[in-house]
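Chemist: Read in order, the letters of the sequence shown correspond to residues -10 to 68 in the working numbering. Let me give you the structure first, and then I'll get to my questions.
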Amino acid sequence: MDSITFDLLTNKLKNAPQSVLERVMAYVDSLMTEPNSISKTYSLTKEQQEILDNQINSDKSTYTKAETLYSDLKKKYEL
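As structure tokens, this is what we get:
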């Protein structure tokens, strides 16, 4: 990191109250302990992954809102 970045941080934080400084330190600590790679706790079949991949560029206007779907299912099954 270059000195300009440190100077900017110093200027922003020089008059900050102690509580803000503590929060900044906690945030930095959490960033430092955060894993660098995102690990999945699940696995997808090839077919499932293809379905998800195909949805990336799909037309979002054709989607149904979750609230609408839930409401329609409640009506349909009289829940």
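C-beta atoms are modelled at their ideal positions from N, C-alpha and C, and glycine is treated no differently.
DSSP three-state call for residue 57: helix, strand or coil?
Modeler: The answer is helix: DSSP assigns residue 57 an H, G or I state.
Chemist: My output table needs one value for residue 15: the three-state DSSP class, helix, strand or coil.
Modeler: Residue state, collapsed to three classes: helix.
Chemist: Going straight from the alpha carbon of residue 15 to that of residue -2, what length do you get?
Modeler: In a straight line, the C-alpha of residue 15 is about 15 angstroms away from that of residue -2.
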